[in-house]
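Visitor: Chains as they are written, first to last, in the UniProt record's numbering: chain D, 1 to 296; chain H, 1 to 138. Glycine included, every Cβ here is placed at the ideal spot set by N, Cα and C. I'd like to ask you about the structure that follows.
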């Protein structure tokens with residue numbers, strides 16, 4: 001299948017600090033993908049590289065088959081909504097749509113007007129005076145007016161209240177159903193991710209920890225409960241992602257590469273959220289009782 | 001036309017919830033052969049879910065022979081699950097409503113009623129095997 005976004009050992013450095021390193025991933029067309037990870041994991045850096053706002057320090061990024069940096073032909077087909085939906089706050093929605101028409105070769109102003117009319121957004125009010133939810137809808141309508149083949153959204157709903165968040169995702173899902181646009185959105189809200197996305201990329205400490213189709217990832221992971229594990233390999237288990245142990249019992253979240261048939265282990269399904277969290281938690285929590293002056 | 005709802009706390013997959021709701025509607029006669037299922041776009045937007053999830057549910061219904069997609073038009077019900085019992089359901093429902101009122105008058109809470117119904121069903125109805133599926137196939 002065609003890839004809308006492809007990276008190979010992609011890296012970006014700010015000073016001596018790598019914000020993204022050895023990032024290799026492939027996003028097939030037609031997916032709604034989630035980019036998940038803690039603050040500072042490199043999510044915005046990856047999105048900025050994909051939309052050509054910054055240039056890689058290592059490796060390659062290809063969007064719709066081509067490097068996006070200084071590439072107007074590619075960028076004309078990519079929609080981007082940056083974090084906190086920055087818009088010229090003194091402009092009205094109508095003015096922003098007109099401006100978009102001047103700046104873009106492909107521009108469907110009617111589509112944008114229809115969307116905002118459906119949502120009851122006032123056309124003549126400066127967007128700085130709109131509610132956060134309405135401003136996010138204006139930013140989305142502007143990004144969709146390009147009729148993009150790939151839509152990139154950086155934390156699109158993070159600052160919205162639950163109702164505005166639901167309305168934003170409704171508009172987004174309706175548009176995707178209409179156009180078949182591929183979407184990559186970063187989010188902290190795992191419940192939204194589970195509802196909306198069929199592809200997942202987990203970033204942690206500037207690196208890709210997990211990537212793939214949600215259905216595949218969920219079926220490949222299992223929770224095993226059994227006697228305390230001594231580190232011996234378990235047939236059917238490719239990797240122990242996370243384990244917790246009592247003196248006689250171990251609970252392991254594992255990635256499988258076959259059926260786990262050892263009768264010592266009881267197998268349980270895991271939800272997507274459990275899988276994501278298991279990859280975000282570092283192996284062992286570092287305690288610092290001494291620093292707090294409390295007994296361990 | 002039916003309207004889908006999602007139980008966010010359910011352990012059941014989103015697409016499976018949609019499949020189950022269509023089957024439920026077919027069982028009680030809310031949907032009949034020839035009826036159109038809601039359009040993919042409408043379901044995706046109303047529930048804020050991935051359109052591919054809706055497509056997956058509709059494909060599952062097609063594989064089970066319950067619906068068929070007509071390109072450019074939509075997805076339509078081809079078979080019912082109500083079987084021969086549908087005409088009897090209204091009368092049975094009336095009996096059940098009368099019984100429920102009696103149970104309530106006798107001081108049973110909804111939880112008591114559910115427990116009574118479930119234990120009695122287990123005790124007096126034979127477990128239904130896969131034989132029932134093949135009887136209605138085709």
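So the candidates are 214(D), 242(D) and 2(D); which of them puts its Cα closest to the Cα of residue 272(D)?
Guide: Stepping through the first chain from its first residue, residue 272(D) is reached at position 272. Looking at the Cα atoms, 214(D) is the closest of the given residues.
Visitor: Where does the unbroken beta strand (DSSP E) through residue 183(D) begin, and where does it stop?
Guide: One-based indexing of the first chain puts residue 183(D) at position 183. Counting along the chain, the beta strand (DSSP E) containing residue 183(D) begins and ends at 182-186.
Visitor: Going by Cα to Cα distance, which pick from 143(D), 290(D) and 5(D) is closest to residue 116(D)?
Guide: One-based indexing of the first chain puts residue 116(D) at position 116. Ranking the options by Cα distance to residue 116(D), first place goes to 143(D).
Visitor: Between which two residues does the beta strand (DSSP E) containing residue 32(D) stretch?
Guide: For the purposes of this step, residue 32(D) is taken as the residue at position 32 of the first chain. Per DSSP, residue 32(D) belongs to the beta strand (DSSP E) from 32-36.
Visitor: Helix, strand or coil for residue 4(H), going by three-state DSSP, please let me know.
Guide: Mapped onto the second chain, residue 4(H) falls at position 4. Coil.
Visitor: How should residue 146(D) be labelled, buried or exposed, when 16 other C-beta atoms within 10 angstroms of its C-beta is the threshold for buried?
Guide: As a first step, residue 146(D) is located in the first chain; it is residue number 146 there, counting from the start. Buried, by the Cβ-count rule.
Visitor: Report the partner residues of residue 227(D) according to the DSSP bridge assignment.
Guide: Sequence index remark: in the first chain, residue 227(D) carries index 227 (1-based). Residue 227(D) is bridged to 249(D).
Visitor: In chain order, what are the residue ranges of uninterrupted beta strand (DSSP E) at least 3 long that sit wholly in the segment 52-108 of chain D?
Guide: Segments of the beta strand (DSSP E) lying fully in the segment 52-108 of chain D: 58-63 and 78-81.
Visitor: Run through chain H and tell me which residues come within less than 8 Å of residue 198(D), C-beta to C-beta.
Guide: Here residue 198(D) refers to the residue found at position 198 of the first chain. Result: 50, 52 and 53.
Visitor: Going along the chain, which residues of its own chain have a beta-carbon closer than 6 Å to the beta-carbon of residue 55(D), five neighbours each way excluded?
Guide: Within the first chain, the letter at position 55 stands for residue 55(D). 69.
Visitor: May I ask you to verify whether the segment 37-50 of chain D touches the segment 168-183 of chain D, counting CB pairs closer than 8 Å and requiring at least 3?
Guide: Contact between the segment 37-50 of chain D and the segment 168-183 of chain D is absent, because fewer than three Cβ pairs lie under 8 Å.
Visitor: For a contact meaning CB atoms closer than 7 Å, what does residue 116(D) contact in chain H?
Guide: Translated into positions along the first chain, residue 116(D) becomes position 116. Simply none; closest approach about 16 Å.
Visitor: Note down the Cα distance separating residue 55(H) from residue 40(H), rounded to an integer number of angstroms.
Guide: Your numbering for residue 55(H) matches position 55 in the second chain. Your numbering for residue 40(H) matches position 40 in the second chain. Cα to Cα, residue 55(H) sits roughly 7 Å from residue 40(H).
Visitor: Tell me the rounded alpha-carbon separation between residue 93(H) and residue 121(H).
Guide: Translated into the one-based positions of the second chain, residue 93(H) becomes position 93. Translated into the one-based positions of the second chain, residue 121(H) becomes position 121. Rounded to the nearest angstrom, the two C-alpha atoms are 16 Å apart.
Visitor: Residues bridged to residue 126(D) by DSSP?
Guide: If you number the first chain from 1, residue 126(D) lands on position 126. Looking at the DSSP assignment, residue 126(D) forms a beta bridge with 92(D).
Visitor: Can you tell me where the beta strand (DSSP E) with residue 70(H) in it begins and where it stops?
Guide: To locate residue 70(H), count along the second chain from 1; it is residue 70. Residues 67-70.
Visitor: Comparing C-alpha positions only, which one of 236(D), 166(D) and 37(D) sits nearest to residue 45(H)?
Guide: Looking up residue 45(H) in the second chain gives position 45. Out of 236(D), 166(D) and 37(D), 166(D) has the C-alpha closest to the C-alpha of residue 45(H).
Visitor: Using the Cα positions of residue 17(D) and residue 156(D), report the straight-line distance between them to the nearest angstrom.
Guide: In the first chain, counting from the first residue as 1, residue 17(D) sits at position 17. In the first chain, counting from the first residue as 1, residue 156(D) sits at position 156. About 26 Å.
Visitor: On the premise that residue 25(D) lies in contact with residue 201(D), defined as a C-beta separation below 8 Å, what is that separation, rounded to the nearest angstrom?
Guide: In the first chain, residue 201(D) corresponds to position 201, counting from 1. In the first chain, residue 25(D) corresponds to position 25, counting from 1. Indeed they touch by this definition, with Cβ atoms about 6 Å apart.
Visitor: Return the Cβ separation of residue 153(D) and residue 81(D) in integer angstroms, given the expectation that the two are a contact with Cβ distance under 8 Å.
Guide: Reading the first chain from its first residue, position 153 is the one you call residue 153(D). Reading the first chain from its first residue, position 81 is the one you call residue 81(D). With a Cβ gap of about 5 Å, residue 153(D) and residue 81(D) count as contacting.
Visitor: Just by C-beta distance, which residues in the segment 28-52 of chain D are closer than 7 Å to chain H?
Guide: Per Cβ criterion, the list reads 32.
Visitor: Look up residue 36(H) in the DSSP assignment and give the residues it is bridged to.
Guide: As a position in the second chain, residue 36(H) is number 36, starting the count at 1. Its beta-bridge partners are 76(H).
Visitor: If you measure from the beta carbon of residue 40(H) to each beta carbon in chain D, is any gap under 8 Å?
Guide: Residue mapping note: residue 40(H) aligns to position 40 of the second chain, counting from 1. With 8 Å as the cut-off, residue 40(H) counts as an interface residue toward chain D.
Visitor: Between the Cα of residue 148(D) and the Cα atoms of 260(D), 64(D) and 8(D), which residue gives the shortest distance?
Guide: Within the first chain, the letter at position 148 stands for residue 148(D). For the residues 260(D), 64(D) and 8(D), the minimum Cα distance to residue 148(D) belongs to 64(D).
Visitor: Does the beta carbon of residue 75(H) come closer than 8 Å to any beta carbon on chain D?
Guide: For the purposes of this step, residue 75(H) is identified with residue 75 of the second chain, where counting begins at 1. Judged by the 8 Å Cβ criterion, residue 75(H) is not in contact with chain D.
Visitor: Taking Cβ-Cβ distances below 7 Å as the criterion, which residues of the segment 159-179 of chain D are in contact with chain H?
Guide: Cβ contacts with chain H: 166, 169, 170, 173, 174, 176, 177 and 178.
Visitor: Give a yes or no on whether the C-beta atoms belonging to residue 289(D) and residue 255(D) are separated by under 8 Å.
Guide: For this step, residue 289(D) is matched to residue 289 along the first chain. For this step, residue 255(D) is matched to residue 255 along the first chain. In this structure, residue 255(D) does not lie closer than 8 Å to residue 289(D) by Cβ.
Visitor: Just to make sure I have the definition right: I need the residues of chain H whose C-beta is within less than 9 Å of the C-beta of residue 195(D). Which are they?
Guide: Looking up residue 195(D) in the first chain gives position 195. Within chain H, the residues near residue 195(D) are 6, 8, 14, 47, 48, 49, 50 and 53.
Visitor: Comparing alpha-carbon positions, which option in 141(D), 37(D) and 197(D) lies nearest residue 208(D)?
Guide: As a position in the first chain, residue 208(D) is number 208, starting the count at 1. Among 141(D), 37(D) and 197(D), the Cα nearest to that of residue 208(D) is on 37(D).
Visitor: Would you identify the three-state DSSP class for residue 243(D), choosing helix, strand or coil?
Guide: Numbered from 1 along the first chain, position 243 holds the residue referred to as residue 243(D). Note: residue 243(D) maps to strand in three-state DSSP.
Visitor: When DSSP labels each residue in this structure, what does residue 22(D) get in the three-state scheme?
Guide: Counting from one through the first chain, the residue named residue 22(D) turns up at place 22. In the structure shown, residue 22(D) sits in a strand (DSSP, three-state: E or B).
Visitor: Taking just the CA atoms, how far does residue 14(H) sit from residue 50(D)?
Guide: The residue labelled residue 50(D) in the question sits at position 50 within the first chain. The residue labelled residue 14(H) in the question sits at position 14 within the second chain. So the two alpha carbons sit approximately 31 Å from each other.
Visitor: Residue 29(H) and residue 98(H): beta carbons closer than 8 Å?
Guide: As a working note, residue 29(H) is residue 29 in the second chain. As a working note, residue 98(H) is residue 98 in the second chain. Contact flag unset, no.
Visitor: Who are the neighbours of residue 44(H) on chain D, taking C-beta pairs under 8 Å?
Guide: Here residue 44(H) refers to the residue found at position 44 of the second chain. Per Cβ cutoff of 8 Å: 173, 174, 176 and 177.
Visitor: Are the CB atoms of residue 69(H) and residue 58(H) nearer to each other than 8 Å?
Guide: As a working mapping, residue 69(H) is identified with position 69 in the second chain. As a working mapping, residue 58(H) is identified with position 58 in the second chain. Contact flag set, yes.
Visitor: Opposite residue 8(D) in the DSSP bridges: which residues?
Guide: Walking along the first chain from the start, residue 8(D) turns up at place 8. Answer is 60(D), bridged to residue 8(D).
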